[in-house]
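Participant:
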Amino acid sequence: MLANDESNATYLGFDLSTQQLKAIAINGSLQVIHESCVHFDTDLPEFRTHGGVNQNADQQTVTAPTVMWIKAFDLILERLKINGIDYNMIVAISGSAQQHGSVYWKKGAINTLKNLKADNFLHNQLSQCFSCRDSPVWMDSSTTKQCRELEQWVGGAQQLADITGSRAYERFTGSQIARIYQTKPEMYGQTERICLVSNFCASLFAGDYAPIDYSDGSGMNLLDITTHDWSQQCLDYCAPDLRTKLGETLIPTPSVIGNISQYFVDRYGFNVDCKIVSFTGDNPASLIGMGLRKDDVAVSLGTSDTVFLRLTNPIPALDGHVLCNPLDDNSYMALICFKNGSRTRERIRNDCSEGDWSLFNELLESTPRGNFGNIGFYFDFKEIYPVISGDFRYNKFDSEVQRFSKEVEVRACIEGQFIRLRVHAENLGYNIGPNTRVLATGGASANPAMIQALSDVFNAPVVLKEQPNSAALGAAYLAKYSLIKNEMTFEEMIEETISGLVAANPSLDAYNVYTPLAQRYRKQENEIAKKANHTLNV
Ligand code: 5FX
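What the sequence shown shows, in this note's numbering, is residues 8 to 545, in sequence order.
1) Under 7 Å, CB to any heavy atom of ligand 1. Which residues pass, going along the chain?
2) In terms of DSSP beta bridges, what is His328 paired with?
3) From the DSSP output, in three-state form, read off Trp364 for me.
4) Starting from Val39, follow its DSSP beta bridges and name the residues at the other end.
5) With C-beta atoms as the reference, is Thr17 less than 7 Å away from Met75?
6) Quick one: grab the DSSP three-state call for Asn61.
7) Using 10 angstroms around the beta-carbon of Ala64, count the other beta-carbons present and answer buried if the total reaches 16, otherwise exposed.
8) Taking three-plus beta-carbon pairs below 8 Å as touching, is the stretch 320-336 in contact with the stretch 251-261?
9) In whole angstroms, what separates the C-alpha of Asp312 from that of Phe386?
10) Drop a sphere of 10 angstroms on the beta-carbon of His57, count the other beta-carbons inside from all chains shown, and report buried for 16 or more, exposed for fewer.
11) Give the secondary structure of Leu515 by DSSP, where H, G and I count as helix, E and B as strand, and everything else as coil.
12) To the nearest angstrom, how far is it from the Cα of Gly172 to the Cα of Gln165?
13) Please confirm whether Thr73 and Val98 have their CB atoms less than 7 Å apart.
14) Any idea what DSSP makes of Thr448, helix, strand or coil?
15) Compare the Cα-Cα distances from Val161 to each of Thr374, Ala175, Asn320, Thr151 and report the closest residue.
16) Hey, Gly254 and Ile219 are a contact pair by Cβ (cut 8 Å); roughly how many whole angstroms apart?
17) Ordered along the chain, which non-local residues of its own chain (more than five positions away) have a Cβ less than 8 Å from that of Gln531?
18) So for Met8, helix, strand or coil by DSSP?
19) Could you tell me the distance, in whole angstroms, from the CA atom of Thr25 to the CA atom of Leu249?
20) My output table needs one value for Leu118: the three-state DSSP class, helix, strand or coil.
21) Classify Gln27 as helix, strand or coil using the three-state DSSP reduction.
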């Protein structure tokens with residue numbers, strides 16, 4: 008019996024991230040009823056990964072063994088069963104996976120995939136199905152040459168951003184494929200299908216090659232984000248016959264691909280009518296899992312500081328990514344990521360307040376909003392934009408100074424980090440409006456003084472969203488939403504589930520203080536970028 012009865016219906020979401028495979032099962036009311044996890048390093052030590060990946064000596068080539076991911080699925084399906092999941096009640100399965108990574112199926116692999124034998128594990132049957140044993144992942148940075156060539160091929164970095172939503176990035180799949188074609192042409196020739204990690208996982212469950220979805224596809228530098236089709240110009244640079252190898256058809260993210268493969272019915276007792284829904288990238292899946300509404304900005308304050316938002320009229324730029332919105336084919340999402348997040352905040356805390364967060368907060372609160380016109384940039388690691396490391400401090404006359412007092416330094420660090428999130432969101436077309444809410448996650452979101460500063464900089468309320476598994480949960484929501492999308496909007500589906508606590512409201516003078524400061528920040532950032540030899544067209 009399939010669980011048409013909503014009270015028993017179960018939806019399963021996977022998240023194949025860098026270090027682990029996570030599964031979350033939810034019921035029809037979107038409550039989590041089962042969770043399970045496989046850690047690659049510790050549960051599958053035979054693959055000898057470190058943090059889920061293998062890095063070669065030059066530190067630039069970073070891969071993961073494709074078969075390790077398959078074995079992780081074998082293991083997690085056993086674990087979920089031991090946890091008591093009833094596979095017969097699963098109505099739909101979807102998933103999320105680390106973006107940009109790629110999988111290379113060998114000629115003839117489709118026959119094995121379509122004829123899996125229920126009495127054996129997946130990894131035993133599929134181990135010989137890949138032309139490239141190790142999948143390049145998002146941490147790879149070995150393709151600088153291919154990135155510059157691709158940009159040149161289409162007329163420049165901004166032109167590539169206008170077509171695909173991003174300038175060329177080393178981890179994006181187009182340059183990864185180009186490198187394989189250039190350095191190992193025979194391997195490329197033996198490949199019948201190239202998948203992203205997301206549609207590779209979907210293919211396992213569908214027992215056939217699953218198409219790439221618009222949202223994950225827009226992290227490849229190959230998809231035209233306006234037409235939602237491959238950009239022939241970009242494909243032509245990367246490798247011959249690429250359209251066929253990637254699959255002609257791209258699909259909207261909330262799409263049912265088909266029914267589950269007979270293998271899972273026979274081996275685990277899944278229902279024959281269980282639907283396989285498109286899998287997508289972890290960033291689009293997190294946007295879904297956090298329940299981002301139209302005007303919301305999600306800010307994750309962790310090792311790196313990241314912003315997600317939804318956009319109707321994006322302005323692709325050189326400093327962030329415009330991806331297709333996983334919930335709406337007519338709009339977009341922006342993803343902006345900065346490397347210097349919590350490690351830099353901790354350095355300033357150590358320098359200015361003896362490593363003590365409460366003293367740090369006292370210093371922050373002892374200075375006025377706008378910090379007497381002082382602005383600071385602190386880059387412990389070479390930043391994504393501007394591509395530079397070091398500290399840069401400016402006084403209210405825009406003159407560079409060598410140091411600030413401790414309390415000014417603390418505010419300059421926090422305001423500087425938050426203003427850049429706002430400035431770069433605005434660069435991509437986001438407008439702060441009366442309905443803007445900032446959804447904050449990550450370690451620093453627990454600090455009330457910082458959250459107040461975030462609210463002031465964005466002149467919007469900050470809502471706390473502690474959702475550690477937002478990608479896996481987003482995948483489970485996607486599984487359900489894809490089945491009912493003609494009956495209700497995503498917002499209606501999640502209305503009662505996604506809540507959050509308003510942790511800070513903007514001060515009355517926030518607009519007047521931070522609007523001009525953001526303008527000055529933009530100008531000074533461009534000056535710094537000139538030192539690093541590149542600027543944005545804004
Ligand atoms: C985004 O562009 C990234 O490269 C990362 O967030 C990966 O998606 C992590 F899996």
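Backbone N, C-alpha and C fix where the C-beta goes; we use that ideal spot for every residue, glycine too.
Facilitator: So, from the data block:
1) Residues with a Cβ closer than 7 Å to any heavy atom of ligand 1, in chain order: Ser24, Thr25, Gln105, Gln106, His107, Trp145, Arg178, Gly226, Gly288, Asp289, Asn290, His328, Leu342, Cys344.
2) Leu342, per the DSSP bridge assignment.
3) In the structure shown, Trp364 adopts helical secondary structure according to DSSP, grouped into three states.
4) Listed as beta-bridge partners of Val39 by DSSP are Ile33.
5) Contact: no.
6) Strand at Asn61.
7) Flag for Ala64 reads exposed.
8) Taking one beta carbon from each stretch, the stretch 320-336 and the stretch 251-261 have 3 or more pairs nearer than 8 Å; the two touch.
9) Roughly 12 Å separates the two Cα atoms.
10) Around the C-beta of His57, fewer than 16 other C-beta atoms lie within 10 Å, and the residue is accordingly described as exposed.
11) If DSSP states are grouped into helix, strand and coil, Leu515 belongs with coil.
12) Rounded to whole angstroms, Gly172 to Gln165 spans 9 Å at the Cα level.
13) Val98 sits away from Thr73, with the two beta carbons spaced by 7 Å or more.
14) Here Thr448 sits in strand by DSSP.
15) With distances taken between Cα atoms, Val161 lies closest to Ala175.
16) Right, their Cβ atoms sit about 6 Å apart.
17) Taken in chain order, the residues that qualify are Ile382, Phe384, Phe399, Tyr401, Asp405.
18) For Met8, the pLDDT reaches just 40, beneath the cut-off of 50, and the residue's location in the model is therefore unreliable, leaving the point undetermined.
19) Each residue's alpha carbon lies about 26 Å from the other.
20) Contrary to the premise, residue 118 reads as Asn rather than Leu in this sequence. In this structure, Asn118 counts as helix in the three-state DSSP scheme.
21) DSSP places Gln27 in the strand class (E or B) of the three-state scheme.
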